[in-house]
Structure formats: C-alpha cells, structure tokens
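Letter 419 of the sequence shown, counting from 1, is numbered 468 in my numbering, and no numbers are missing.
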Amino acid sequence: LANLIAKINMSILGLKKKQPKTFKVKVITMDAEMEFSCEVLDQDVPKDSPITFHFLAKFFPEKVEEELVQEITQHLFFLQVKKQILDEEIFCSPEASVLLASYAVQAKYGDYDPNFHKPGFLAQDELLPKRVSTYQMTPEMWEEKITAWYAEHRNIARDEAEMEYLKIAQDLDMYGVSYFSITQNKRDTELLLGVDAQGLHIYSPNSKLNPKKSFPWSGIRNISYSEKEFTIKPLDKKKEVFKFYSSQLRVNKLILQLCIGNHDLFMRRRKVDSIEVQQMKAQAKEEKARKKMERQILAREKQLREEAERAKEEMERRMFQLQDEARMANEALLRSEETADLLAEKAQIAEEEAKLLAHKAAEAEQERQRLEVTALKTKEEHRLMEQKMREAEQLAVKLVEQSERRSKEADHLKQDLNEAKDAERRAKQKLLEITKTTYPLVAPYSNPPAPPGPDSMEMPLEMATSYRLDFKDSDMKRLSMEIERERLEYMEKSKHLQDQLKELKSEIESLKLEEQQQQQQAGLYNLRGYAEPLYVPHSNVRHMHLQYQQQVPPQMRSQDI
50 LANLIAKINM SILGLKKKQP KTFKVKVITM DAEMEFSCEV LDQDVPKDSP
100 ITFHFLAKFF PEKVEEELVQ EITQHLFFLQ VKKQILDEEI FCSPEASVLL
150 ASYAVQAKYG DYDPNFHKPG FLAQDELLPK RVSTYQMTPE MWEEKITAWY
200 AEHRNIARDE AEMEYLKIAQ DLDMYGVSYF SITQNKRDTE LLLGVDAQGL
250 HIYSPNSKLN PKKSFPWSGI RNISYSEKEF TIKPLDKKKE VFKFYSSQLR
300 VNKLILQLCI GNHDLFMRRR KVDSIEVQQM KAQAKEEKAR KKMERQILAR
350 EKQLREEAER AKEEMERRMF QLQDEARMAN EALLRSEETA DLLAEKAQIA
400 EEEAKLLAHK AAEAEQERQR LEVTALKTKE EHRLMEQKMR EAEQLAVKLV
450 EQSERRSKEA DHLKQDLNEA KDAERRAKQK LLEITKTTYP LVAPYSNPPA
500 PPGPDSMEMP LEMATSYRLD FKDSDMKRLS MEIERERLEY MEKSKHLQDQ
550 LKELKSEIES LKLEEQQQQQ QAGLYNLRGY AEPLYVPHSN VRHMHLQYQQ
600 QVPPQMRSQD I
C-alpha cells in the first residue's frame, strides 16, 4: 500500500508538471483504483477540475488480525470499512452498529471520563448508518446506548479498538464483497456476482446477504471471458460449467483481475510466509510489544499519578477533616469549660436550693405537725360543736314545746279574759237595768236620800254591785299582771335563745373560715379527711324559726330571730 501511494504521488507530480494551470488534484481519502502504468488523463476519468481520487483497498483479508501487519495499514483499512458501513455499502444490524460505534468512539476519544464526556458530546460525530439512526429511537437514546458500551472499553488503545472494530466487521455478510450486475443468458433475469476473499457467489438482485450459489477458490479450475461472456469452470469435471454475461467488456476485465488477485492471495495465505513478510510481521510484533509496554508503563504511571492525586486529595480531605475536628474539639472544649462553669453554678444553686428545700421540709414538717394538732383540735371542736348543736336542738325543741305550752296557756288565759270581760259586760248591763227599774230618776236639785240606819240588815244594791265590780277588777288586774309577767319571761327566754343562736351562727362561720384555710393548706399534706365541717345548715335554723313563729301567738312574739 505504501508503494501504491508513492506511485500515485509520482503520477500526480508528473501530471502537475505537464498541466499545472488546467488540472488540479484534491486528495480526500487514501482510496484508489487506477492503472499506474498510464497517465491519469489517458484513463477513463472525468475531465472536470478538480478531480477527486478515492484510494481504496482492492483486496480484503480473510483474518484482519493476522494479515494487517503495520499499524498504518490497519488504520486506513479501518477508515475504509467504517465509511462503507456508514454509507450502507455493508449491511449491519442495529445492535452490531451500536457496538461498532462504541469501538470507534474509543479509538477517537480514548477512555471514557464522565467529567469530560458530558451528554451530547457525540452529537457532531457520524457513528451509525442513516437507516439505523432513524430506527425507532431518538439521537439522544442512541447516544446513551453507545456511551454505555463505550464506558466498558476502558484501557483499550486506539489500534486495539480499531482491530476490535475490524474483527466484528469481517463477520458481516457483505464484508469484502464486490458486486457486479450479470445475466445468466441474454434473456434471463438479472443476477448479482459477488467476488471476495473466499470465492465467487451468485445472488438475487434483491438479496445481497444470502448467495444462491457459491464457487470457492479451492473448487475453481479455470476462469475466463470472451467479450461480454464470462466462464467459470469447476475443478470437478462432473459439475456443469457456469457462464454469465456482463454489460460491458471492461466489467469482465475488472472481474477477472479481482478473481486473479483474490485467488492469488487465497493460495498465498495457505503457504509459508516469505522472509520479507516474516520480517515485517516480526517487526510489527516487536513494535506492538514495544507500544504495549509503553502503554502499560504509561497506564502504570497514569495509575500511579491518579493514585497519588487520590492520595493527595485524601490527605487534603483528611487534613480538612482534622482541621474541622480540631476546630470542633476547641469549640467543644470551650463549650465544656462553659458547661463546667455553668454546672458549678448550677451545683451551687442546687446546694442552696437543697438547703432551702431542707429548711422548707423542716418547716413543712412542723406545719404538718401543727396541722395535725389543729386537725385534732378541730376534731375536738367539731365534737364540742356537735354537742352544742345537739344541746341547741334540744333547747330549741324544749322552747318549741314550752312555746306550745305557753301558747295553750295564753289561749286559755285569753279565753278566761274574754269570759271575764263578757261577764263584766253582762254584769254592768244587768246593773244598769236594775238601776233603771228600782230607782226612779232624782231631780237634779233634790236632796240625797238619808243613809240607812245602823240597825238595817240589808246592804244596798249599789254597794253589792260595787263590791262585785271591785272583785272583778282585782281579778282582771291580777290576770293582766300574770300575763305581763309571762310575756316578760318569754321575751327574756327568747332573747336568750336568740343570743345563743347568734353565738352558734358566729361560731359556725368562724369554723367554716378555718376549714377553708385548712383545706387550702391541706393540698400539701393531704389532711382533707381530718376536718369535716359539722354545722347545722342555715335552712334547718330557718325551719326551726318558722315552726316557732307558727306555734307562738302574735301578741307573745318578740322580734324575728
């Protein structure tokens, strides 16, 4: 291939010397199919300026890892196969296209680095055939799948990635096959003839993947053409000779050249390599070993540098961590000192509070004892109060009974008084009647009658009446005095009872007040059960007063109690 490039360069230089002003050459890639023994313009090339030359490998190896010796040859062959796959000259499934694209990315960008290879870094690269890139997925989704495979190819060099690419590509059905349109006879349907490193293959026009018929190089005895007719004679004479027709004579000539070259290479691969080839392979092997060693050393240095950087980062992180820990320790020390001071103050305060609580506890104990004594006193007072209340109730009952008795006596005396008044009124009336009937009226200026003699035995009526009236008046006075005396005694007893009731009421109120104070203090000592109030409800006293008012006559009542 290097000799081929040198010859093309010489031809181009000679062409430039002959026609420097009318002919320009622009080399795009390292691909070619020309006759180097003839001038360029003498061949069938376009006469327009500039002319584009495509340098292509004419024959494909059977095993790329064995036949592509030099790295530059491998790289140029990789570029050619990659272009054919992207131009869909070689059919490739979507899965294989993604895998091939990942190796192409590895060869171009090196190892995957997520910090550098951000999403979208493959947007400008042509990695998949157009038929595949538009297949049910968006470009972002294809890039994600390619990147996933790409991340797994770490530590693979560029030449190794290209070789892996070619290993996968050589297993494709259309790899290394040159197709030509032919007919088996002048009237039959068109067919396709495929020429590759394994032999000749016949395809239907619609299927370039599965051949209808194949002629391996080891089974072909002779190949020849006569004008447009091309003949293939099998090695087995029993098999039929295969003939087909091409559209032009130069096509048969090109087919024959490809057949001769591929057959020659097929036979050469099965022989021992020449000394030159062996030397080239040895040099290539040494070069690969040297580069592999350099890559290993570089990888080792890179690994050591990464480890050193990681160790440096770890030390820096550890240093920052230790600084943070030291700062936190100082802060914790300061906080602990402040806490110690605060705890000391709290301890002092707690000690003072303990002393105060002990003092309060002693006072509370004294207060409890005092309350116990008070409760006992209150209990005794309650007992005395109950006794007084019982005595008061008994006294009230006695007073009620006495008032009833006095009321009955007063009623009886009143009845006697009324009877006496009635008798007096009747006596006066009878006296007046007797006076009117016995003694006529005396003139105003008549002399009074002479008094009776001493020897008269009858008492005048007036004297008898006077005596009787005097007797009645003395009884009335005596009865009035007795009633007044009874009333005064009753008023004194009522006043005494009223004073006793008032005193009892004041004592009940004072006991209520003391009981409320004791209940407030009893929340600390739970002495609620010691002092239950014992007093006569006000409603009972009121009820006794009403009974008294109902039983005592109105004229004998004093004031309300």
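The beta carbon of each residue, even a glycine, is placed where N, CA and C say it ideally should be. Bear in mind that the values here come from a model prediction, so they are computed numbers and not experimental data.
In this structure serine 230 is exposed. Its beta-carbon is surrounded by fewer than 16 other beta-carbon atoms within 10 angstroms. In this structure, glutamine 306 sits away from lysine 277, with a CB-CB distance that is not shorter than 9 angstroms. Here threonine 238 carries a coil assignment [DSSP, helix/strand/coil]. For glutamate 116, the enclosing alpha helix (DSSP H) starts and ends at 113-116.
When beta bridges are read from the DSSP output, glutamate 278 appears opposite Ser275 and Tyr294. Taken through DSSP and simplified to helix, strand or coil, arginine 349 comes out as helix. The stretch 525-534 and the stretch 384-399 do not touch, with fewer than three beta-carbon pairs separated by less than 8 angstroms. Checking the DSSP bridge columns, you'll see serine 227 partnered with Val244. Residue pairing from DSSP places serine 263 in a beta bridge opposite His250.
Under the DSSP assignment, isoleucine 134 falls in the alpha helix (DSSP H) whose first and last residues are 120-135. In the assembly as shown, isoleucine 557 is a buried residue. Its beta-carbon has 16 or more other beta-carbons within 10 Å. The Cβ atoms of valine 244 and serine 263 do not sit closer than 9 angstroms to each other.
Proximity of the stretch 184-198 to the stretch 266-275 falls short of the contact definition, fewer than three beta-carbon pairs being nearer than 8 angstroms. Taking all protein chains in view, the Cβ of glycine 169 is surrounded by fewer than 16 other Cβ atoms within 10 Å, so the residue is classified as exposed. As the crow flies, the alpha-carbon of glutamine 133 is around 31 angstroms from that of asparagine 234. Counting along the chain, isoleucine 100 sits inside the beta strand (DSSP E) bounded by residues 100-103. Among the bridge pairs identified by DSSP, isoleucine 269 is matched with Pro283. Across the set Lys485, Thr427 and Glu111, the C-alpha of Thr427 shows the shortest separation from the C-alpha of leucine 562. Runs of the beta strand (DSSP E) lying entirely within the stretch 309-344 and spanning at least 3 residues: none are present. Distances from the CA of histidine 124 to each of Met186, Arg299 and Arg207 were compared; the closest alpha carbon is that of Arg207. For serine 142, there is no enclosing alpha helix (DSSP H), as DSSP marks it with neither H nor E. Judged by DSSP in its simplified three-state form, threonine 484 adopts helix. Distances from the alpha-carbon of methionine 223 to those of Leu241, Arg339 and Glu209 put Leu241 closest.
Taking the CA atoms as reference points, glutamate 336 sits about 22 angstroms from arginine 203. Bounds of the alpha helix (DSSP H) holding lysine 216 are 207-218. Looking at the DSSP output, threonine 232 bridges to Glu239 and Tyr294. The shortest C-alpha to C-alpha distance from lysine 437 to any of Ala381, Lys551, Glu535 and His250 is the one to Lys551.
In this structure valine 290 is exposed. Its beta-carbon is surrounded by fewer than 16 other beta-carbon atoms within 10 angstroms. Under the Cβ criterion (8 angstroms, minimum of three pairs), the stretch 135-150 counts as touching the stretch 168-183.
In the same chain as alanine 153, and ignoring 5 residues on each side of it, the C-beta atoms closer than 7 angstroms to its own belong to Lys131, Leu176 and Tyr214, in chain order.
At the C-beta level, phenylalanine 126 and valine 113 come within 9 angstroms of one another.
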